[in-house]
Structure formats: structure tokens, C-alpha cells
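J.: In our numbering, the protein residues as written are 317 to 740.
First the structure, which I've put down as C-alpha cells, then a few questions once you've had a look.
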Amino acid sequence: MDRRHFIGQSAAGIGLLAGFAGQARANLQKAEILVIGGGYGGATAAKYLRLFSNNTANVTLIEPNAAFVSCPLSNLVVGGSRTLADITSPYDNLSKRHGVKMVQDSVSNIDPEKKTVKLASGKTLRYDKVILSPGTSLLMNTIEGLAQANKAGVTLQAWKAGPETVTLHKQLAAMRDGGTFAISIPEAPYRCPPGPYERACQVANYFKQHKPKSKVLILDANQDVVSKGALFKKVWAEQYPGMIEYLPKYNVTGVDAKTKTIKFEIQEDIKADVLNLLPAMSAGDIAVKTGLANANGRWVNVNFLNFESTAQKYIHVLGDSIQVAFAMPKSGHMANQHAKVAAAAIVAELSGWEVNPSPVLTNTCYSFVNTKEVVHVASVHQYIAAEKTFKPVPGSGGLSAAPSTLEGVYAWGWAHNIWADALG
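As C-alpha cells, then:
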């Protein structure tokens, strides 16, 4: 081939590639992508859709709250060592820096046939792709009398960070010294496996300083501590001796708001002063309402290569709402990872490119056992094409040997980094 012919062929190839790139860009520019829910999954997805598409994708984030409030670290607010402001971040940068369209509203209905989303305000939006990251719903009817007790202000869950988190601390502050705080834990899976045990530590730490005659009662429906069991039990024995009592296989079936009495499947009733009863959980209401919860009617099955619902095309579901793979926790960090895989896959699909065939996810969960000392669990998950699921990478991840203040520094570093990653 002579030089002139080579240059001509090269130019033609470059022109063809430019044509493909132009077509891909046009497809992205035409597509309307709606992201529902601005938590760890949704906020990250909205930002990375813009980043991965070189700011060409049309992305709208629908979120009812004016600011992001982190569920991880919110137990420090329950324990009184931090305020809600410490774990709150604005959404401003998503629009100012990344061009995400922000809609402060909630979604009342998704119509997969018409590919429309109806907002609580009455407005209807069209979509080509939806990313749904609605967190979890609390199945109040699984504990008899819980809805009425909540309505009366006797019980609350504070399992989504916000006003209830502050109210729970106020209940602890108002409790008599010598009283009992009871937290119940549903059978796994539920949002944030170590979360209830961390909360028990934070409440005990508060009691140790301000109400030393008081007691923390952990009523766990599971056979044993679900996450970091040996570490938590050692902390309870060494830092809070006689203050924390752990009762496994205690499945709460009812509550009497007038007498503050907790009822169980098998055991005798128990009374407490502050009741923090966590019922069984499911995918967020909008996911269930849309018919996506095809795993035991509670969780959403997804294609793990792009997180598209197996029940409805063009709807991708992230975070706590999905039927997780083996050993995959329902955590904020994991939702952030889901978001990046889904965002990359959606940009690839709309551009006519191959979706990454072997994504990898990482996860770290930090738990504060007092105001400064922390323990963690970490894991790495690789997609296995032959099995169409994620599995932990052998030998990866790890667990703390013991609580330390250095890990407390790491935990706050993790928080500020992941908030910047999702929102900065």
C-alpha cells in the first residue's frame, strides 16, 4: 500500500469512527434519564451518568429532600456526640458542576408501558431510562400495634437519617436514669447489617456518661449478631459491662403503646422506657408499587451487569431495594458501587457500546463503638459471568482486629470522600 492510499484509508477510518462517536453522542443527547432517589445510590448515579457521557446525557434527579443526610454515621447523632448538620451535604454541586437537573419532589407512580413518571406535584415526566434508588420500606404491619405506637409517638425507627434521628436522641435524654432502651432487629436481610449493633453501642456510650444506671436491651430476631459479631460482643463485655444485654432469637410480634410492652413469638413480654423497634423491611414503596419486587414480594431481582430490573425493561434499581448477591451487604458504600456500574452500563447501551462484562465492587462498613473508636468490615465482589452474579473475591477484604481511634479517623475520611464522590 502506498503512502497516499494509506493516508486515505486512515482518514476514512477516522471519519467512520467520528461518525460512530457522533451517532453515539446523538443517542445520548436524545435520551431522557430519570434518577429517582438522591441517596448514596441515586446521587452517585446522577453524577456519574454525566461524567461517563462527557456531560452529554440528559439526567434529572428527583428527590424530595433539599439536602443529602447520611444514614452511615447517623448513630452518632442518636448518641449525642454529633449533630445532623455534621452528616448533611447540599445537592448544589450536582447541578452547578455537573449539569444534573434537580427536581425537589417525590414520585407517586411509574408507568412502564408509557415510560412515564408521575410526580406528587402532578407533573408527568417521560423517560428512556430510569434509575430507581428508593432505599427500603419498613413493613409496619409485621409488628402488631407498631403503626399505632408510632402515631402516638411512643415508638420510632430512625432508620432513615433525619428528624427521627434527632427525636430518638431527645427521647434518650428525657429518659430517667435507671431506665431501659430496647432496640429490636428483624431477621436479615435489612438495611445496614451492623447498624443496630452500632446504635446499641452509641446509646450505651451516652448512658455511661449521663445515665449510668440505665440499660440497653438488644432484641435480635436472628440466631446471632449478623455483622462483626465477635468484635461487638467483646466491646459490650469490656466497655459496657452489665449495661448491654444481648438476646438472640427474640422475634418481636407486637407492641402495646399504652404500657410500652413488647411482645414476642415465644418469650415473655418485656417492658422498656424507650422503644426503638425495627420491623422487617422491603424494597422502597415505589419499587413494590411498580411491580418490581419479584423476589418474595419484598426485593427486586436485577441483571447484575447493568442493574436493570428483571421485571421491567429500562428501569435500573440500585442499593438496598435489590435482592443482593451472596455476601453483598445492603450498605451506603455498596449503593455507591451499584450506581457506577449501572451508570457506565447505561451510557454504553445508549451509545451502542459493549457493557463491561466483568465489573468489580468494593465495600467498607465502619461502626463506631464509642465516640472515637471504630471497627470495620471490608469486601471485594467480582462479577462471575458463568453464574450471572457477584461473588466475594477469595482472600479479599478484611475485618478489624480490635477497635481503634485510628479507624475512627479513617471512618470520617471515608465519609467525607464518599460524600464528595457522590455530591462534589
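All C-beta atoms, glycine included, are put in the ideal place defined by N, C-alpha and C.
Quantities reported herein were computed from a predicted structural model and do not represent experimental measurements.
Would you report the Cα separation of residue 678 and residue 575, rounded to the nearest angstrom?
T.: Locating residue 678 in the sequence shown gives position 362, where the first residue counts as 1. Locating residue 575 in the sequence shown gives position 259, where the first residue counts as 1. Their Cα atoms are separated by approximately 45 Å.
J.: Just to confirm my understanding: we take residue 686, look at its own chain, exclude 5 residues before and 5 after, and list those with CB closer than 6 Å. What are they?
T.: On the sequence shown, position 370 is the one that residue 686 refers to. If we look at residue 686 and ignore the five residues flanking it on each side, its Cβ neighbours are 521.
J.: Got a sec? Which residues, its chain only, sit under 8 Å from residue 561 by beta carbon, not counting five neighbours each side?
T.: Counting from 1 along the sequence shown, the entry for residue 561 is found at position 245. Cβ neighbours of residue 561 beyond the five flanking positions: 531, 532, 533, 534.
J.: Do you know offhand how far residue 357's Cα is from residue 651's?
T.: Along the sequence shown, one-based indexing puts residue 357 at 41. Along the sequence shown, one-based indexing puts residue 651 at 335. Their backbone Cα atoms lie some 4 Å apart in a straight line.
J.: Which partner residues does residue 623 have in the DSSP bridge list?
T.: Position 307 of the sequence shown, counted from the start, is the residue given in the question as residue 623. For residue 623, which the question treats as bridged, DSSP gives no partner whatsoever.
J.: When you compare only the Cα positions, how much space is there between residue 477 and residue 483?
T.: Start at 1 with the first residue of the sequence shown, and residue 477 comes out as number 161. Start at 1 with the first residue of the sequence shown, and residue 483 comes out as number 167. Their backbone Cα atoms lie some 11 Å apart in a straight line.
J.: Return the CA-CA distance between residue 393 and residue 672, expressed in angstroms with no decimal places.
T.: Position 77 of the sequence shown, counting from 1, holds the residue named residue 393. Position 356 of the sequence shown, counting from 1, holds the residue named residue 672. Between residue 393 and residue 672, the C-alpha separation is close to 40 Å.
J.: Counting pairs of beta carbons, one from the stretch 603 to 612 and one from the stretch 460 to 468, are three or more of them closer than 8 Å?
T.: Because the criterion of three Cβ pairs below 8 Å is not met, the stretch 603 to 612 and the stretch 460 to 468 do not touch.
J.: Are there 16 or more other CB atoms within 10 angstroms of the CB of residue 459, so buried, or fewer, so exposed?
T.: The residue you call residue 459 lines up with position 143 of the sequence shown. Counting Cβ neighbours within 10 Å, residue 459 comes out buried, since at least 16 surround it.
J.: How long is the line joining the alpha carbons of residue 537 and residue 354, rounded to whole angstroms?
T.: The residue you call residue 537 lines up with position 221 of the sequence shown. The residue you call residue 354 lines up with position 38 of the sequence shown. Approximately 31 Å between the Cα atoms of the pair.
J.: Once the 5 residues before and after residue 674 are set aside, which same chain residues still bring their CB inside 8 Å of it?
T.: For the purposes of this step, residue 674 is taken as the residue at position 358 of the sequence shown. Here the set comprises 698, 699, 701.
J.: Grab me the residues of residue 633's own chain with a C-beta within less than 7 Å of its C-beta, minus the 5 sequence neighbours each way, in chain order.
T.: Here residue 633 refers to the residue found at position 317 when the sequence shown is read from its first residue. Excluding positions up to five away in sequence, the list reads 448, 603, 608, 616, 618, 623, 625.
J.: Per DSSP, what are the beta-bridge partners of residue 503 in this structure?
T.: Counted from its first residue, the sequence shown places residue 503 at position 187. Its beta-bridge partners do not exist; DSSP assigns none.
J.: Can you tell which of 712, 389, 411, 420 has the C-alpha that lies nearest to the C-alpha of residue 352?
T.: Here residue 352 refers to the residue found at position 36 of the sequence shown. Minimum Cα distance to residue 352 is reached at 420.
J.: Could you tell me the alpha carbon to alpha carbon distance between residue 539 and residue 446, rounded to whole angstroms?
T.: Taking the first residue of the sequence shown as position 1, residue 539 is located at position 223. Taking the first residue of the sequence shown as position 1, residue 446 is located at position 130. Each residue's alpha carbon lies about 38 Å from the other.
J.: Whole angstroms is fine: what's the gap from residue 435's alpha carbon to residue 557's?
T.: Your numbering for residue 435 matches position 119 in the sequence shown. Your numbering for residue 557 matches position 241 in the sequence shown. Distance between the alpha carbons of residue 435 and residue 557 is about 51 Å.
J.: Could you tell me which uninterrupted alpha helix (DSSP H) segments, each at least 4 residues in length, are contained entirely in the stretch 347 to 434, listed from first to last along the chain?
T.: Fully enclosed alpha helix (DSSP H) runs of 4 or longer: 356 to 368, 391 to 394, 408 to 412.
J.: Does residue 708 come out as helix, strand or coil in the three-state DSSP assignment?
T.: To locate residue 708, count along the sequence shown from 1; it is residue 392. Note: residue 708 maps to strand in three-state DSSP.
J.: Quick one: give me the first and last residue of the alpha helix (DSSP H) that residue 541 is part of.
T.: For the purposes of this step, residue 541 is identified with residue 225 of the sequence shown, where counting begins at 1. Careful: residue 541 lies outside any alpha helix (DSSP H) and carries neither H nor E.
J.: Indicate, with yes or no, if the ligand NAD has a heavy atom lying under 7 Å from the CB of residue 440.
T.: Within the structure as shown, the ligand NAD is missing, as the structure has no ligands at all.
J.: Does the beta-carbon distance from residue 676 to residue 696 come in below 8 Å?
T.: Position 360 of the sequence shown, counting from 1, holds the residue named residue 676. Position 380 of the sequence shown, counting from 1, holds the residue named residue 696. A contact, by the Cβ cut-off of 8 Å.
J.: Could you check whether residue 374 and residue 349 sit closer than 8 Å to each other, using their CB atoms as the reference points?
T.: Counting from 1 along the sequence shown, the entry for residue 349 is found at position 33. Counting from 1 along the sequence shown, the entry for residue 374 is found at position 58. A contact, by the Cβ cut-off of 8 Å.
J.: List the endpoints of the continuous alpha helix (DSSP H) containing residue 464.
T.: In the sequence shown, counting from the first residue as 1, residue 464 sits at position 148. Segment 462 to 467, the alpha helix (DSSP H) holding residue 464.
J.: So, using beta-carbon positions, are residue 582 and residue 571 closer together than 8 Å?
T.: Translated into the one-based positions of the sequence shown, residue 582 becomes position 266. Translated into the one-based positions of the sequence shown, residue 571 becomes position 255. Not closer than 8 Å, so no.
J.: Secondary structure at residue 530, three-state DSSP: helix, strand or coil?
T.: Locating residue 530 in the sequence shown gives position 214, where the first residue counts as 1. In this structure, residue 530 counts as coil in the three-state DSSP scheme.
J.: Comparing alpha-carbon positions, which option in 591, 688, 527, 670 lies nearest residue 462?
T.: Position 146 of the sequence shown, counted from the first residue, corresponds to residue 462. It is 591 whose Cα lies nearest to the Cα of residue 462.
J.: Please report the distance separating the alpha-carbon of residue 337 from that of residue 548.
T.: Here residue 337 refers to the residue found at position 21 of the sequence shown. Here residue 548 refers to the residue found at position 232 of the sequence shown. Its pLDDT being 48, under 50, residue 337 is placed unreliably by the model, and the measurement read from it follows with that caveat. About 53 Å.
J.: Thinking C-beta only, is residue 693 closer than 8 Å to residue 723?
T.: Position 407 of the sequence shown, counted from the start, is the residue given in the question as residue 723. Position 377 of the sequence shown, counted from the start, is the residue given in the question as residue 693. It is not a contact, given that the beta carbons lie outside the stated cut-off.
J.: Here's the rule I'm using: 16 or more other beta-carbon atoms within 10 Å means buried, otherwise exposed. How should residue 646 be labelled?
T.: Locating residue 646 in the sequence shown gives position 330, where the first residue counts as 1. Buried, since its Cβ has 16 or more Cβ neighbours within 10 Å.
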